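In the numbering used here, the protein residues as written are 11 to 233.
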């Protein structure tokens with residue numbers, strides 16, 4: 011029996027004046043995004059090994075042939091799905107910039123809470139667990155996640171630290187290094203706690219963040 015035609019090759023009912031045929035570029039892009047979104051959810055819920063291209067293809071009504079034409083192996087689909095999932099859930103530039111207020115300590119607290127909020131959602135926790143589990147097999151996925159989800163915030167914070175140093179209110183020799191250390195010091199602890207499956211109340215998170223921010227600022231004071 012011949013393989014059924016892929017729905018991506020079957021035109022939807024055309025509007026008046028639109029010729030039926032192969033999908034438009036927009037339709038093809040939407041179908042590709044649907045594939046990646048479905049793959050992302052499968053990888054999050056099942057893990058890498060149990061997830062199959064055949065299962066994903068069936069969920070989005072595509073033939074295996076179509077999926078394999080774009081992603082010849084599951085590893086390639088995994089990387090692409092994780093990238094799209096990270097991009098869709100990363101904080102926008104506007105949201106990052108909205109953390110800045112007149113008070114520096116409050117700004118640092120806002121930045122920390124934003125990162126914890128994004129990483130601490132149900133999907134955020136699943137993504138962290140997936141990355142931690144599969145990093146030995148795909149060392150590049152951590153860098154991909156960092157570049158998309160964390161780096162824009164780190165660069166924003168580094169700019170603030172550089173400005174505060176130029177104004178004489180802080181003494182930070184390497185703003186990018188300091189910003190990365192800040193994220194590790196202030197954010198990584200609560201996120202690791204959440205990823206491990208332990209409950210952490212909002213009050214407990216805020217107490218940890220407030221203390222860590224004050225400690226960071228104390229260490230960055232001019233001598």
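For each residue, glycine too, the CB sits at the ideal point set by N, CA and C. Remember, predicted model here, so these are calculated numbers, not experimental data.
With at least 16 other beta carbons inside 10 angstroms of its own, residue 125 counts as buried. Cβ-Cβ distances below 7 angstroms link residue 49 to 66, 87 and 91 in the same chain, with the five nearest sequence neighbours on each side left out; the list follows chain order. In this structure, the beta-carbon distance from residue 168 to residue 186 falls below 8 angstroms. For residue 162, the uninterrupted alpha helix (DSSP H) segment begins and ends at 161-176. Selection 32, 107 and 232 evaluated against residue 183 yields 232 as nearest (Cα-Cα). Taken through DSSP and simplified to helix, strand or coil, residue 72 comes out as coil. In the three-state reduction of the DSSP assignment, residue 109 falls in the coil class, being assigned neither a helical nor a strand state. Under a 10 Å Cβ-count criterion, residue 225 is classified as exposed, with fewer than 16 other Cβ atoms of the shown protein chains found around its own Cβ. Within the same chain, 96 and 141 come within 7 angstroms of residue 155 by CB-CB distance, once the 5 residues on both sides are set aside. Excluding sequence positions up to five before and after residue 109, its CB lies within less than 7 angstroms of the CB of 117, 120, 121 and 124, all in the same chain and listed in chain order. The beta carbons of residue 164 and residue 193 sit closer together than 8 angstroms.
In the three-state DSSP reduction, residue 206 falls in the coil class, being neither helix nor strand. Cβ-Cβ distances below 7 angstroms link residue 64 to 74 in the same chain, with the five nearest sequence neighbours on each side left out; the list follows chain order.
Between residue 174 and residue 114, the gap from beta carbon to beta carbon is short of 8 angstroms. A Cβ-Cβ contact shorter than 8 angstroms links residue 100 with residue 159. Residue environment analysis places residue 146 among the exposed positions, since fewer than 16 neighbouring C-beta atoms fall within 10 angstroms of its C-beta. With a beta-carbon spacing of about 15 angstroms, residue 161 and residue 188 fall beyond the 8 angstroms limit used to define contacts. Residue state for residue 148 is assigned as coil, using DSSP reduced to three classes.
Residue 180 and residue 229 have their C-alpha atoms roughly 9 angstroms apart.
Our two residues, residue 84 and residue 44, have alpha carbons roughly 16 angstroms apart in a direct line. If you ignore the 5 residues before and after residue 93, its C-beta comes within less than 8 angstroms of the C-beta of 154 and 158, all in its own chain and listed in chain order.
Minimum Cα-Cα distance from residue 197 among the listed residues 69, 81 and 129 corresponds to 129.
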